[in-house]
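Below: the structure, in structure tokens.
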Amino acid sequence: FSGIPVGPTQYEMLKGAMSDDIGTSEIYLPFNNNFEQTFDSDEMGILAPCSGSLKTFSLKITGTLSGDLTYTLRAKTLAPGTSTAEVTIDTQLNDLVNANDHDAFTIVWDDDATVAPGQVLFFTLQGDGDVSSTINYYFASVIAWDYSTLPTADILYT
């Protein structure tokens, strides 16, 4: 790598965007395109190739909010061999007060917000009220991948 040190832990930023009027629905955030849903699907999931630790999640709203709002952010995993039994690994709340338009914020996930090899990772967003019409959302998450846990031979996760 041309003299650049490479260790087993590498940071990756995943980013996405969508346009929606989320109201109070729990929305699965799309990282593979811009089509959000109220259920998990292939557009939302991130397959973990090795162990990872969730670090941060940032969100920017580009629209008009008519009141204060609390967002609930959840990180969820889906284990190999299952298709509907997600497990919430962390939940964070963020208050947007004074109805500031075009707000942006970052939350820090708990230390135990981790994903294992073969799991599918999802992020969800939910408001405690309906204070906007359809607006644009931009989001990014930082994950620390531990490449020392990357398989060195074929493996089937069950």
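Going by the working numbering, the first residue of the sequence shown is number -7, and it counts up by one from there.
Glycine included, C-beta positions come from ideal geometry on N, C-alpha and C.
The beta strand (DSSP E) enclosing residue i, as first and last residue numbers
i	result
residue 12	1 to 12
residue 150	Note, residue 150: premise wrong, no beta strand (DSSP E); not H, not E.
Residue i at chain B interface by Cβ criterion, 8 Å
i	result
residue 42	Here chain B cannot be found, since the structure has a single protein chain.
Residues bridged to residue i (per DSSP)
i	result
residue 55	DSSP output for residue 55 lists no bridge partner at all.
residue 98	50
residue 118	64
Three-way DSSP call (helix, strand, coil) for residue i in this model
i	result
residue 139	helix
residue 21	coil
residue 74	coil
residue 79	strand
residue 125	coil
residue 104	coil
residue 40	coil
Residue burial classification, residue i (beta-carbon count within 10 angstroms, cutoff 16)
i	result
residue 38	buried
residue 59	exposed
residue 140	exposed
residue 7	exposed
residue 119	buried
residue 51	buried
From the options, residue whose alpha carbon lies closest to that of residue i
i	options	result
residue 47	138, -1, 127	138
residue 72	98, 107, 9	107
residue 32	40, 2, 18	18
residue 117	56, 130, 0, 41	130
residue 76	111, -1, 100	111
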